[in-house]
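K.L.:
These protein sequence lines are chains S and B, in that order. Numbering-wise, the first sequence is residues 346 to 485 according to my numbering. Numbering-wise, the second sequence is residues 155 to 850 according to my numbering.
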Amino acid sequence: MSEWEPNILAFACNWCSYAGADLAGVSRFQYPATVKILRVMCSSRVEPSFILKALKDGADGVLVAGCHIGDCHYIDGNRNAEARINNTKKALEKLGFGGRLRLEWISASEGLRFSEVIKDFTEEIRNLGENPVKEVKENE
Amino acid sequence: MNEVSDTVNKDASPDEDKRVGVFVCECGVNIGGVVDTHAVADYAAALPGVLVTSVNKFTCSDSGQADIQQKIKEHNLNRVVVAACSPKTHEPTFRACIEEMGLNQYFLEFVNIRDHCSWIHMWEKEKATEKAKDLVRMGIERAKLLEPLQASEVPVIDKALVVGAGVAGMQAALDLADMGFKVYLVEKEPSIGGRMARFDKVFPTNDCSICILGPKMVEVARNKNIEIMSYSEVQEVDGYVGNFKVKIEHKPRYLDVGKCTGCAKCSEVCPVEVPYDFNEGFGTRKAIYVPFPQAVPLRAVLDNDNCINCKACAKACESNAIEYEQESAYSEVEVGVIIGAVGFKTYDPAPRADYGYGKYDNIITAMEFERLLNAAGPTGGHIVRPSDCKEPIRVGFVNCVGSRDKETNIYCSGVCCMYTIKNAQLLKEKRPETDHTVMYIDIRTPFRAYEESYNRARNLGVKFLRGRPVEVKEDPETGNIRVRVEDTLAGEMRNLEFDLLVLGTGVVPNEGINRLQQLLKLSKATDGFLMEAHPKLRPVDTTIDGVYLAGVASGPKDIPYAVSQGSACAGRATILLKNKKAITEGITAVVNPDVCVGCEVCIPMCPFQAIKMDEQAGKANVMKALCKGCGTCVAACPTGALEQDHFKNNQVIAQVKNVFRFEEVASPDYPSGAGTHVSPAGGYVDESSEDMGEQT
């Protein structure tokens, strides 16, 4: 088995964070190939079930990224996202997935920040280790 | 049109097979130099439902698009996956491309393997290729579940709102008005004109600023299509492209503008004197005053904060215009487009006492210098130093104050080099006996006649010293300013003494920028200015349809640049105003009434009040015109009755499932294909095979 690398799914809102990831690309801010970005129109579209599905399917970490508070393209969608993600985090703690879900506000101009968030989250996940679901799956 | 809808209906049929084509772009070496695009295409060709794959040097080129269209025809494709750059820039191109072939434009799935892959994993080619495969697989699975949508057309009200009546906003208003459209020009100050009205001369030709601006201000006032709303501010903006409802506050001037003639007799008798903001706080104005001689509209305004209520003005006013009881009035206008030209302010060195500003009398900002230099300014055009009102001989200029500095703003304000050159020239011409030293980091003179202006200053004897002052002190006896500066070209420290030191303060965002950002939900860049839709190709558009930006609102600019942007905004806005219609995204929330239980959880979630209860049916109802498609209600719906078109649960889950290679075996119902020109194989592959199997 090759050396384990964290696998992260990032939900990025169309207006800020997806554009921030684009800017990271245009600026060539290198970050580890541990993340795959899934575009949603707003961070508030992200349902807890999506996160659970990703973790169940073996994601080592899930990032939800949206506009900064006050900058949401949809006025306060990100506040809804914040409430939902915080609740989901609590549930995940209990399920043994603590620390695997992260919420970040990344604007369209924060390409550097996007790359840094990914680097940082990758390290965090690396320290946490592999998603325990995988072990269960393998033993099945 | 029949043909198009026929195809749409056919594709909408749930029984129709999903026939996917995957087009991988090399983007020259941008993708191809890192990602093994052929390996990605081969991989995709083996996935279920994929009939054909193709690798193009530039998929967005004519030949790349022709390839897509040809393969749609050849293989009767009904889903197209383009793996290339960012949908933010290229989605419209490919949507149009497949629509030409009769496919619904929402049958396009765009996979970003450049900005989100090759560019950021430049030195990890293998990993980048593997990631690109994963991203493409996510895209394919999503593509198969995409449903046809119709972008809807909304009518556009053929009127415009311009926020900010500086030179950029005025230009936008004039151009639109000359094209025959009604314009509401809102300005928060009592007069239009903006910052340019305060400048003395403008570089590089040193024309008198108000002499060239004044006629433009009058032209704005005379234009029958422009309604100036001075001393007014936008309070609320509602609606969407083509149909904005704008609430505007008209602040009280405490006089009837219909009666006031601008004679300024009220000012003559007013006993209150306050620092004159128009002159950067130099000199005084009265509590009731006409903003400046060329003000448009030429009407007085009463500054209620400083009024002592002596009522002398009311007695002096021959037209009985004074109304002490006046309150804010509000009006509502409906417009199709909004142009934000909210301007800027200059960096304030006082809070940090940069170079001793605010601590020592004889240090002033360039804007203050500008007002002193102006014939209508507080000193009648004489440069005097604040400590003793003497005319200085030795004048120092410090550039990049509040610009190009990690402690304040890292960006270059772009205008300070030129205005410093201009200011030094003007004083030198007025009083040749003066001695000028400009302390700079770099001199930036990029446009027509700018470098010539710099040379002119040097020929006049203005000295340029490359270095930033390291110490600035006042001689307490004389009030002179002592500057210690490293001459970085000569490589030695210099101790200089000046009678007056002028700080070349940079351009910074004003409160209007924050206000506009919040009113319209615009994006702001890290420099604090508003963001354009694309820095190069859509420099005056924003991410909000029907909203444009002109002038310094989107970053520091000089006057010709700001004026060009004003005209550019008018041109862009005219596309909507003239067509009288706008195309809006088809992505909205939809209710499945069979599942909705009428719990009303969604209603307060909607920031746009787009969901109402259908009281009779006891079900939620989404009003499409108001829905902006964020999906927050969808995530909140406890029964799953709400769905977001184009981001339906199954569509998102299809991607989530395919992020990692743990997904269940896909349904084998998809047709297999073998017609790829890059991969001889292709077609359905059992996912239990080692390639797609679980990691062991």
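Glycine included, each C-beta is placed from N, C-alpha and C at the ideal position.
Using a Cβ cut-off of 8 Å, pull out every chain B residue sitting near S:E461, in sequence order please.
P.N.:
Counting from one through the first sequence, the residue named residue 461 of chain S turns up at place 116. Ordered by position in chain B, no residue passes the 8 Å Cβ test against S:E461, which lies about 12 Å from the chain.
K.L.:
Between the beta-carbon of B:L300 and the beta-carbon of B:V374, is there less than 8 Å?
P.N.:
One-based indexing of the second sequence puts residue 300 of chain B at position 146. One-based indexing of the second sequence puts residue 374 of chain B at position 220. Against a cut-off of 8 Å, the Cβ pair of B:V374 and B:L300 comes out as no contact.
K.L.:
Around the C-beta of B:K732, are 16 or more other C-beta atoms found within 10 angstroms, so that it is buried, or is it exposed?
P.N.:
Locating residue 732 of chain B in the second sequence gives position 578, counting from the first residue. Answer is exposed; the Cβ neighbour count stays below 16.
K.L.:
I want to verify the contact list: residues of chain S whose CB lies under 9 Å from the CB of B:G320, in sequence order.
P.N.:
The residue given as residue 320 of chain B occupies position 166 in the second sequence. In chain order: nothing, as chain S lies at least about 24 Å away.
K.L.:
With a 10 Å radius around its C-beta and 16 neighbouring C-beta atoms as the bar for buried, classify B:D288 as buried or exposed.
P.N.:
For the purposes of this step, residue 288 of chain B is taken as the residue at position 134 of the second sequence. So B:D288 ends up on the buried side.
K.L.:
Quick one: Cα of B:C700 to Cα of B:I492, how far?
P.N.:
Numbered from 1 along the second sequence, position 546 holds the residue referred to as residue 700 of chain B. Numbered from 1 along the second sequence, position 338 holds the residue referred to as residue 492 of chain B. Cys is not the amino acid found at residue 700 of chain B; the sequence shown has Gly there. One C-alpha to the other measures close to 6 Å.
K.L.:
Alpha carbon to alpha carbon, what distance is there between B:M371 and B:C271?
P.N.:
For this step, residue 271 of chain B is matched to residue 117 along the second sequence. For this step, residue 371 of chain B is matched to residue 217 along the second sequence. Computed Cα separation, rounded: 51 Å.
K.L.:
Mind listing which residues of the stretch 387-406 of chain S have their C-beta closer than 7 Å to chain B's C-betas, in chain order?
P.N.:
Cβ contacts with chain B: C387, S389, R390, V391, E392, F395, K398, A399, D402, G403, A404.
K.L.:
Determine whether the Cβ of B:V744 lies closer than 8 Å to any Cβ atom of chain S.
P.N.:
Position 590 of the second sequence holds residue 744 of chain B. Not an interface residue.
K.L.:
Under 8 Å, do B:A314 and B:V290 count as touching if we go by C-beta distance?
P.N.:
Translated into positions along the second sequence, residue 314 of chain B becomes position 160. Translated into positions along the second sequence, residue 290 of chain B becomes position 136. Taking 8 Å as the Cβ cut-off, B:A314 and B:V290 do not qualify as a contacting pair.
K.L.:
Give the residues of chain S in contact with B:M777, contact being defined as C-beta atoms less than 9 Å apart.
P.N.:
Position 623 of the second sequence, counted from the start, is the residue given in the question as residue 777 of chain B. Correct list: empty, because the minimum Cβ distance to chain S is about 15 Å.
K.L.:
Identify, in the order they occur along the chain, each residue of the same chain with its Cβ nearer than 7 Å to the Cβ of B:D431, setting aside the five sequence neighbours on each side.
P.N.:
Here residue 431 of chain B corresponds to residue number 277 of the second sequence, with the count starting at 1. Nothing listed; no residue qualifies.
K.L.:
Taking its Cβ as the centre, do 16 or more other Cβ atoms sit within 10 Å of B:L691, making it buried, or is it exposed?
P.N.:
Translated into the one-based positions of the second sequence, residue 691 of chain B becomes position 537. Counting Cβ neighbours within 10 Å, B:L691 comes out exposed, since fewer than 16 surround it.
K.L.:
Spell out whether any CB of chain S is found under 8 Å from the CB atom of B:M333.
P.N.:
As a position in the second sequence, residue 333 of chain B is number 179, starting the count at 1. Cβ-Cβ to chain S under 8 Å: no for B:M333.
K.L.:
Using the three-state DSSP reduction, which class does B:Y573 fall into: helix, strand or coil?
P.N.:
Here residue 573 of chain B refers to the residue found at position 419 of the second sequence. Residue state, collapsed to three classes: helix.
K.L.:
Residues bridged to B:E628 by DSSP?
P.N.:
As a working note, residue 628 of chain B is residue 474 in the second sequence. B:E628 is bridged to B:I635.
K.L.:
State the DSSP-derived secondary structure class of S:L354, mapped to helix, strand or coil.
P.N.:
Along the first sequence, one-based indexing puts residue 354 of chain S at 9. The answer is strand: DSSP assigns S:L354 an E or B state.
K.L.:
For the alpha helix (DSSP H) containing B:Q809, name the first residue and the last one.
P.N.:
Taking the first residue of the second sequence as 1, we reach residue 809 of chain B at position 655. Its alpha helix (DSSP H) spans residues 803-811.
K.L.:
Are B:F398 and B:V310 touching if we call contact CB-CB under 8 Å?
P.N.:
If you number the second sequence from 1, residue 398 of chain B lands on position 244. If you number the second sequence from 1, residue 310 of chain B lands on position 156. Taking 8 Å as the Cβ cut-off, B:F398 and B:V310 do not qualify as a contacting pair.
K.L.:
For S:T379, is the classification buried or exposed, using 16 other Cβ atoms within 10 angstroms of its Cβ as the cut-off for buried?
P.N.:
Residue mapping note: residue 379 of chain S aligns to position 34 of the first sequence, counting from 1. It counts as buried.
K.L.:
Taking 6 Å as the limit between beta carbons, can you name the residues of its chain near B:A286, skipping five residues before and five after?
P.N.:
Locating residue 286 of chain B in the second sequence gives position 132, where the first residue counts as 1. These residues qualify, in order along the chain: V189, V194, I267, C271.
K.L.:
Could you tell me how far apart the beta carbons of B:A319 and B:F446 are, in whole angstroms, since I believe they sit closer than 8 Å?
P.N.:
Locating residue 319 of chain B in the second sequence gives position 165, where the first residue counts as 1. Locating residue 446 of chain B in the second sequence gives position 292, where the first residue counts as 1. Contact doesn't hold; Cβ gap of about 14 Å is too wide.
K.L.:
Return the residue from the list B:V744, B:A724, B:G531 that minimises the CA-CA distance to B:D312.
P.N.:
Here residue 312 of chain B refers to the residue found at position 158 of the second sequence. Of the listed residues, the one whose Cα sits closest to B:D312 is B:A724.
K.L.:
Are the stretch 459-466 of chain S and the stretch 367-383 of chain S touching by the rule of at least three beta carbon pairs closer than 8 Å?
P.N.:
Output reads yes: the stretch 367-383 of chain S touches the stretch 459-466 of chain S.
K.L.:
May I have the straight-line CA-CA distance separating B:E754 from B:V340, to the nearest angstrom?
P.N.:
Here residue 754 of chain B refers to the residue found at position 600 of the second sequence. Here residue 340 of chain B refers to the residue found at position 186 of the second sequence. Taking the straight line from one Cα to the other gives about 39 Å.
K.L.:
B:F248: beta carbon under 7 Å from a heavy atom of the ligand FMN?
P.N.:
In the structure on display, the ligand FMN does not appear, and there are no ligands present to speak of.
K.L.:
Using alpha carbons as the reference points, say which of S:H413, S:G422, S:D402 lies closest to S:K479.
P.N.:
Here residue 479 of chain S refers to the residue found at position 134 of the first sequence. The shortest Cα separation from S:K479 among S:H413, S:G422, S:D402 belongs to S:D402.
K.L.:
Is B:V236 buried or exposed, if buried means 16 or more other CB atoms sit within 10 Å of its CB?
P.N.:
Here the question's residue 236 of chain B lines up with position 82 in the second sequence. Result: buried.
K.L.:
Tell me which residues of the stretch 785-809 of chain B have at least one Cβ-Cβ distance to chain S shorter than 8 Å, keeping chain order.
P.N.:
Residues G785, T786, V788, A789, A790, Q798, F801, N803, V806, I807, Q809.
K.L.:
Count the C-beta pairs between the stretch 767-784 of chain B and the stretch 711-719 of chain B that are closer than 8 Å, then say yes if the count reaches three, no if not.
P.N.:
No, they do not touch.
K.L.:
Flag B:H688 as yes if its beta-carbon sits less than 8 Å from any beta-carbon of chain S, otherwise no.
P.N.:
Here the question's residue 688 of chain B lines up with position 534 in the second sequence. Output row for B:H688: interface = no.
K.L.:
Quick check: the stretch 505-513 of chain B against the stretch 550-565 of chain B, are there 3 or more CB pairs under 8 Å?
P.N.:
Flag = yes, the stretch 505-513 of chain B and the stretch 550-565 of chain B touch.
K.L.:
Quick one: which unbroken beta strand (DSSP E) runs of 3-plus residues sit fully inside the stretch 635-664 of chain B? Chain order, please.
P.N.:
Listed in chain order, they are 635-641, 646-652, 654-659.
K.L.:
Could you check how far apart the C-beta atoms of B:A679 and B:A495 are, in whole angstroms? I think they sit under 8 Å.
P.N.:
The residue labelled residue 679 of chain B in the question sits at position 525 within the second sequence. The residue labelled residue 495 of chain B in the question sits at position 341 within the second sequence. About 17 Å separates the two Cβ atoms, so there is no contact after all.
K.L.:
Going by the beta-carbon positions, is the gap between B:S677 and S:C387 smaller than 8 Å?
P.N.:
Here residue 677 of chain B refers to the residue found at position 523 of the second sequence. Here residue 387 of chain S refers to the residue found at position 42 of the first sequence. No, Cβ-Cβ distance for B:S677 and S:C387 is not below 8 Å.
K.L.:
Contact criterion: CB-CB distance below 8 Å. Does B:V813 meet it with respect to chain S?
P.N.:
Numbered from its first residue, the second sequence carries residue 813 of chain B at position 659. It does; some Cβ of chain S falls within 8 Å.
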